[in-house]
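Shown next, in structure tokens, is the structure this report addresses.
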Amino acid sequence: MPGISITMAMAIFLPMTLYMDFLPAIIFLTSIYTGAGFGGAVPAVLMNIPGTSSAVATTFDGYPMSRKGLHNEALGLGLGASVIGCLGSYILLLFLIAPVANVVLKMGPLEMFAVAVWGMLLLGSLTGSSMSRGMLAGVFGVLLGTVGTNTAGYTRGTMGIDWLFDGIPVIPAMMGLLAVSQLLNLINTNYLIEDEASRGISFKRILKGVKLTFTYPTIMLRGFTIGVTIGAIPGVGSSISNLISYSETKRNAPDGDTFGQGNPKGVIAAESANSSSEGGAMATMLALGIPGGGATAILLAAFAMHNIVGGPSFIANNKDIVYAIIFSNFAQAVLLLGIGLGFCYLASSVVRVPLRFLIPAVMVVSAFGSYAIQGTLSGPITLFVFSVLGWAMVRYQYPVAAAVVGLLLGTLLEENLIRTWQITRGDVSYVLERPGAMLIIALMVVSMGLTSFSQWRRKRREAAAALSAEEAGS
Amino acid sequence: MKQPKTSLRVDWGHLALLLLICVVVVAYLLDTRATSLRINNLLLVQPTSIIALILAALVLPQCFRRKDAAEGATEEGDADPAKRETWRDLGKIAALSAAFGAFTVSLETLGFDAATFIFLALGTFICGERRLWVIALFSGIFTAAIVYGYQLLVPYPFPLLVM
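Here's what the structure looks like:
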């Protein structure tokens, strides 16, 4: 449900765990974590609503797949990628929990800034038909993301509105830009899927989607490597990992041009990364006692409720509990497959609802969801403003996804840029003292270089083929 | 040889959107500079605003098209959604947006139940449903379900008028 985030779902059930033993309590909460992680993909695929920031990239290809009548397959792909991603990340965690913790301790603001810049490079692949409009949308998003009080204590752009001191509420803004704006454009359409024959709900086709996931092992592997690594960084997590995984897959795919139009690889890339972020975040939480986000903070609260102190000594003293948590997640991933299949089947029926009912209903759900985040009108008002802005942007072919990425990364970019500035006072040579940052920058450069090279080679091959066809014709 | 005269067609909607973006960027930059001129305040916002204005200048010519080129594009079945909408479509979108805006601001004053019921009834009517009993039944059932569901899940109180 939009607005009911993973954190909120866990927080709702946290008091219930007080009456459980420690291990069942943690397993119960991590089950919610795993289930809710996939749950965000369902409205993202069916209605273009990213219920959480980690499902943004899922909308890029998941929703176009639904509009083409491939909603069953898209949900199956999302489920398959989530299950494998979750399993894979916990297998990695089983062996790498200690090294991951060491890496996390070496992450400073410069490294975080480099990761955010990597996320911004996604803008290059989201620009759509006009590069300048795409870049403008992204940069505008970054600026909007910095509204409010920054990390140095300066307050800007609030126009005297109290709730803007904390910045523009991101989830309602995302729902407005991506979902409600699209609904306004569908006002003259009868159903989400125009072709009646494609509107069917098929268990077989959902399973086909799940099976299809296995045919892209490289994308899966890339997705969960990015997911675990980025997910382990406190404060960054799954909201960026899905974007980076999507962008890297798009760059490396031979059919990269078809991303954003319903390419199954896009759904796999996004879902494998956001589901495996859970493993990364758990590594940081278990090894260091640092909550990477709201969900792991709730888990730490559950630790405290049972008089257990998280932190570096936790693993050393409680290896049995740590490995029990990891193994229980394997079972959760398998259960997710079963429960998720049933849930996808039920959720798919939304494509059969006439849009004259669905449009106002989804708008209402979005408004309630955005109210639920803070309990004030800030959410619904933001939702409305960004719906109208998003509609205008779609109408004049500005990629709203680029604005969403900018909005998500604005605060992170500014926060870490300021901290880096405060440490270095503008001394660029500081980069040389940070091997982690150099590694991330090197990875970025290599990734972009390889992509440009493969694109150049593909263009040359196409030109040569066209020339030889011309010669054969004459 | 005399060149044939070509006039420019202005895409007023696009121009208005671009102007809005520029106004927001400039206003934000001025507000940021008015807050403080220290680096910690301007480090990201100032260069990003300047980049945004440069990009807007690059987009500006796209708001003006030669009339013959614009006509050619329309004949070829331009993918631009702005070209496919009629004034009636735009009117429906404007009406639904206005109803949604009124709904979001009236949630607390009118009550979540009443505001939701009225918006759902108006929304389904604008979207094409004409059977009044269907509108009333759908709006009533959906309002009850969503208010009850969110009240169960969300810790914040929802101001209500009837329920």
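From first to last, the protein sequence lines stand for chains A and B. For the first sequence, the positions run 0 to 473 when numbering that gives the first Met the number 0 is used. For the second sequence, the positions run 0 to 162 when numbering that gives the first Met the number 0 is used. Note that the Cβ used here is the ideal one computed from N, Cα and C, for glycine as well.
(message) For chain B, check one thing: does any of its Cβ atoms lie closer than 8 Å to the Cβ of A:Thr-154?
(response) yes
(message) Checking 8 Å against the spacing of the C-beta atoms, do A:Ala-40 and A:Gly-79 come in under that value?
(response) no
(request) Quick one: list the residues of chain A neighbouring B:Val-104, beta-carbon separation under 9 Å, in chain order. (result) Leu-376, Pro-379, Ile-380 and Phe-383
(message) Using a Cβ-Cβ cutoff of less than 6 Å, which residues in the same chain neighbour A:Leu-183 once the five nearest sequence positions on both sides are dropped?
(response) Trp-390
(request) Pair every Cβ in the stretch 52-63 of chain A with every Cβ in the stretch 169-178 of chain A, then say whether three or more of these pairs are closer than 8 Å. (result) yes
(message) Let me see if you follow: with CB-CB separation under 8 Å, is B:Tyr-149 close to chain A or not?
(response) yes
(message) Using CA atoms only, rank isn't needed, just tell me which of A:Ile-218, A:Ala-296 and A:Ala-10 is closest to A:Gly-474.
(response) An answer regarding residue 474 of chain A cannot be provided, because it is not within the stretch 0 to 473 covered by chain A.
(request) Output yes if chain B places a C-beta closer than 8 Å to the C-beta of A:Val-363; else output no. (result) yes
(message) Taking the alpha carbon of A:Ile-96 as the reference point, which residue from A:Leu-45, A:Val-138, A:Ala-268 and A:Leu-285 has its own alpha carbon closest?
(response) A:Leu-285
(request) Please name the residues in the stretch 408-432 of chain A whose beta-carbon is closer than 7 Å to at least one beta-carbon of chain B, in chain order. (result) Leu-412, Glu-413, Leu-416, Ile-417 and Trp-420
(message) With a threshold of 8 Å between beta-carbons, can B:Leu-54 be considered close to chain A, or not?
(response) yes
(message) Using beta carbons (cut-off 8 Å, strictly below), is A:Tyr-395 in contact with chain B?
(response) yes
(request) Consult DSSP for B:Leu-7 and reduce its assignment to one of helix, strand or coil. (result) strand
(message) Tell me whether the stretch 50-59 of chain B and the stretch 147-158 of chain A touch, counting them as touching only if at least three CB pairs, one residue from each stretch, are closer than 8 Å.
(response) no
(message) Let me confirm a value: A:Gly-68 is counted as buried when at least 16 other C-beta atoms fall within 10 Å, else exposed. Which label applies?
(response) buried
(request) Can you tell me which of the three DSSP states A:Thr-188 falls into? (result) coil
(message) Can you check whether the C-beta of A:Ala-391 is within less than 8 Å of a C-beta belonging to chain B?
(response) yes
(message) Quick check: is the beta carbon of B:Asp-88 nearer than 8 Å to any beta carbon in chain A?
(response) yes
(message) Quick check for students: name the residue ranges of the beta strand (DSSP E) that lie wholly in the stretch 127-180 of chain A, counting only runs of 3 or more.
(response) none
(message) Looking at the strands, I want to know which residues DSSP matches up with B:Phe-63.
(response) B:Val-9
(message) Between which residues of its own chain and A:Met-111 is the CB-CB distance below 6 Å, once the five residues before and five after are set aside?
(response) Asn-415
(request) Locate the alpha helix (DSSP H) running through A:Pro-398, then write down its first and last residues. (result) Premise fails: A:Pro-398 is in no alpha helix (DSSP H) and is neither H nor E.
(request) Determine the DSSP secondary structure at B:Asn-39, reduced to helix, strand or coil. (result) helix
(message) If contacts are defined as beta-carbon pairs under 8 Å, then A:Tyr-370 and B:Leu-106 qualify, I think. What distance do you get, rounded to the angstrom?
(response) 7 Å
(request) Compare the C-beta of A:Ala-366 against all C-beta atoms of chain B and say whether one is closer than 8 Å. (result) yes
(request) Tell me whether B:Val-161 is buried or exposed, calling it buried when 16 or more other Cβ atoms sit within 10 Å of its Cβ. (result) exposed
(request) Note down, one range per segment and in chain order, each beta strand (DSSP E) of at least 3 residues found wholly within the stretch 234-304 of chain A. (result) none
(request) Note down, in chain order, each residue of its chain lying with its Cβ closer than 6 Å to the Cβ of A:Ala-332, except the 5 sequence neighbours on either side. (result) Val-82, Cys-85 and Leu-86
(message) If distances are taken between C-alpha atoms only, which option among A:Phe-164, A:Leu-13, A:Ala-268 and A:Leu-382 comes closest to B:Phe-102?
(response) A:Leu-382
(message) Using a Cβ-Cβ cutoff of less than 6 Å, which residues in the same chain neighbour A:Arg-418 once the five nearest sequence positions on both sides are dropped?
(response) Pro-108
(message) Buried or exposed for A:Pro-263, going by 16 or more other Cβ atoms inside 10 Å?
(response) buried
(request) Just mark A:Gly-75 as buried or exposed, buried being the case when its beta carbon has 16 or more other beta carbons within 10 Å. (result) buried
(request) Mind checking the stretch 23-46 of chain A against chain B and listing, in chain order, the residues whose C-beta falls within less than 7 Å of any C-beta there? (result) none
(request) Identify the contact partners of B:Ala-51 in chain A, using a Cβ-Cβ distance below 7 Å as the criterion. (result) Leu-135, Val-138, Phe-139 and Leu-142
(request) Decide if A:Arg-355 is buried, meaning its Cβ has at least 16 other Cβ atoms within 10 Å, or exposed. (result) buried
(request) Run the CB neighbour count on A:Gly-448, radius 10 Å, all protein chains shown included, and call it buried at 16 or more, exposed below. (result) exposed
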